[in-house]
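> Below: one structure in structure tokens.
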Amino acid sequence: MIFIIGEYVIDLVDDKKNNYACHLGGCGLNCAVACANQGAPTAFISPISEDANGKKVVNYLVEKEILFEPDLCNSKAPSTLALATIEESGSAKYDFYLKNTASMVLSSEELLSALTTHSDIQAVHIASLSLLLNPTSSAIYDVLSFLNPRPVIFVDPNIRAQEAVKIINWKKKLISFFEIAAIIKLSDEDLEFIFEGLSQEEAIESLKKINPHAHIILTKGSQGATWYTSDNKIFNQKNYDVKVVDTIGSGDTFSGSLLAYLSKEGAFGDYIENPKLEIQDSLIKKALKYACYSASLNCAKNGCNPPSESEVLEIL
1 MIFIIGEYVI
11 DLVDDKKNNY
21 ACHLGGCGLN
31 CAVACANQGA
41 PTAFISPISE
51 DANGKKVVNY
61 LVEKEILFEP
71 DLCNSKAPST
81 LALATIEESG
91 SAKYDFYLKN
101 TASMVLSSEE
111 LLSALTTHSD
121 IQAVHIASLS
131 LLLNPTSSAI
141 YDVLSFLNPR
151 PVIFVDPNIR
161 AQEAVKIINW
171 KKKLISFFEI
181 AAIIKLSDED
191 LEFIFEGLSQ
201 EEAIESLKKI
211 NPHAHIILTK
221 GSQGATWYTS
231 DNKIFNQKNY
241 DVKVVDTIGS
251 GDTFSGSLLA
261 YLSKEGAFGD
271 YIENPKLEIQ
281 DSLIKKALKY
291 ACYSASLNCA
301 KNGCNPPSES
311 EVLEIL
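Counting in the numbering used here, the sequence shown runs from 1 upward without gaps.
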């Protein structure tokens, strides 16, 4: 099973007509839905508010057949909100309302309890705001560092620059997660922000020095993605050509689809006794194409709306 630890966010998307459409989103929830839509057993771990929006999230998880922890579904904290504005390019800009919201108050005890009740954890996806904001950030790092054997850890910084700069030592926090990752997936915008002043090639080399054993996947918007293997091979993949409506959740769709594909192909080894990433070059090429095409299909729809497995297979 693939475990997604991270936030859910209620996205209020500006339609440019003084109206806001409400969407269930957030990096963690989006990735979990993308993974489940591909038919992979998926769990979403986050405190969920007892407010009306939190109840919508629980119903959504049930609808998508995503496992969740009932004990975490009665948080007194409110749901996280974001106001999203769609630019001409289709990309979204967000203003977040994060302080003391449900997803940001996960404790080490809650997370450890959620994880240790399962013996079938293949991989763990951690990303975005949950990597930076305490107590959730510290809980995730402390528990994943403690687990033995440690599952395959997939890290996606998915930087929200306006929030990151408010946090003391935000870069040091990210680096600590990079150090325990088996796969680091980040966008070209993430790379530029984290390694400001370096060229793309220099930034990738810096990331390799932080964790020489990790696979690095760089997504490049309309230009597709590049996979840098731990043994210094490079694979490039273009996107599937679509008319872009918006790019909301495209990176999360990429991540969830990639994890689901790798899981189905047995890339996570014996997850009970010795979870580790076992991936050949031929599988890397197939998985990268699958994830790029899945993310492309998401961009052809409003909001984060990850495709099903059959929709992706139809265009491969």
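Cβ coordinates follow ideal geometry from the N, Cα and C atoms, glycine included.
I believe Q122 touches V152 by the beta-carbon criterion, under 8 Å. Please report the beta-carbon distance rounded to the nearest angstrom.
For this step, residue 122 is matched to residue 122 along the sequence shown. For this step, residue 152 is matched to residue 152 along the sequence shown. 7 Å between Cβ atoms; contact.
> Go through the stretch 5 to 68 residue by residue and report every complete run of the alpha helix (DSSP H) that reaches 4 residues or more, in order.
Segments of the alpha helix (DSSP H) lying fully in the stretch 5 to 68: 27 to 37 and 52 to 63.
> Is T117 helix, strand or coil by DSSP?
Looking up residue 117 in the sequence shown gives position 117. In the structure shown, T117 sits in coil (DSSP, three-state: anything other than H, G, I, E or B).
> Using the beta-carbon count (16 or more within 10 Å), is L313 buried or exposed?
By 1-based counting over the sequence shown, the position of residue 313 is 313. With fewer than 16 other Cβ atoms within 10 Å, it is exposed.
> With a threshold of 6 Å on Cβ separation, who are the neighbours of W170 within its own chain once the five nearest residues in sequence on each side are excluded?
Residue mapping note: residue 170 aligns to position 170 of the sequence shown, counting from 1. Hits under 6 Å: L132 and A164.
> The beta strand (DSSP E) that contains N298, what's its start and end?
As a first step, residue 298 is located in the sequence shown; it is residue number 298 there, counting from the start. Not the beta strand (DSSP E): N298 falls in the alpha helix (DSSP H), residues D281 to C299.
> Can you grab the Cα-Cα spacing for the pair L262 / L218, in whole Å?
Reading the sequence shown from its first residue, position 262 is the one you call residue 262. Reading the sequence shown from its first residue, position 218 is the one you call residue 218. About 17 Å.
> Starting from I86 and walking both ways along the beta strand (DSSP E), at which residues does that stretch end?
Here residue 86 is taken as the residue at index 86 of the sequence shown, counted from 1. Note, I86: beta strand (DSSP E), T80 to I86.
> Less than 7 Å between C-beta atoms, sequence neighbours within five positions excluded: which residues of the same chain meet that for Y141?
As a working mapping, residue 141 is identified with position 141 in the sequence shown. Excluding positions up to five away in sequence, the list reads S176 and F177.
> Kindly indicate which three-state DSSP category D241 falls into: helix, strand or coil?
Counting from one through the sequence shown, the residue named residue 241 turns up at place 241. In this structure, D241 counts as coil in the three-state DSSP scheme.
> According to DSSP, is V143 helix, strand or coil?
Taking the sequence shown and counting its residues from 1, one reaches residue 143 at position 143. Looking at V143 - three-state DSSP - the assignment turns out to be helix.
> Could you tell me the boundaries of the beta strand (DSSP E) in which V152 lies?
As a working note, residue 152 is residue 152 in the sequence shown. Start and end: V152 to D156.
> Closer than 7 Å by C-beta to S250: which residues in its own chain qualify, once you throw out the five before and the five after it? Chain order, please.
Numbered from its first residue, the sequence shown carries residue 250 at position 250. Excluding positions up to five away in sequence, the list reads A295, N298 and C299.
> Please check the pair I4 and F68, which I expect to be a contact at CB under 8 Å, by giving their CB distance rounded to whole angstroms.
Indexing the sequence shown from 1 puts residue 4 at position 4. Indexing the sequence shown from 1 puts residue 68 at position 68. Actually they do not touch by this definition, with Cβ atoms about 10 Å apart.
> Should the stretch 206 to 218 be called in touch with the stretch 237 to 244, which here means at least 3 C-beta pairs below 8 Å?
Flag = no, the stretch 206 to 218 and the stretch 237 to 244 do not touch.
> According to DSSP, simplified to helix, strand and coil, what is F268?
Residue mapping note: residue 268 aligns to position 268 of the sequence shown, counting from 1. Coil at F268, not helix or strand.
> Could you tell me if F154 is buried or exposed, where buried requires 16 or more neighbouring beta carbons within 10 angstroms of its beta carbon?
Here residue 154 refers to the residue found at position 154 when the sequence shown is read from its first residue. With 16 or more other Cβ atoms within 10 Å, it is buried.
> Quick test of your reading: Y293 and L316, contact by CB under 8 Å. State the CB separation rounded to the nearest angstrom.
Position 293 of the sequence shown holds residue 293. Position 316 of the sequence shown holds residue 316. Correct: roughly 6 Å between the Cβ atoms.
> Just confirm the distance between the C-beta atoms of S130 and E7, as a whole number of angstroms; I'd bet it's less than 8 Å.
Numbered from 1 along the sequence shown, position 130 holds the residue referred to as residue 130. Numbered from 1 along the sequence shown, position 7 holds the residue referred to as residue 7. Confirmed, about 5 Å.
> Excluding the 5 residues flanking G197 on each side, which residues of the same chain have their C-beta closer than 8 Å to its C-beta?
Translated into positions along the sequence shown, residue 197 becomes position 197. Same-chain partners within the cutoff: there are none.
> Among residues of its own chain, excluding the 5 on either side of N302, which ones have a beta-carbon nearer than 6 Å to its beta-carbon?
The residue you call residue 302 lines up with position 302 of the sequence shown. Excluding sequence neighbours, N302 sits near V245.
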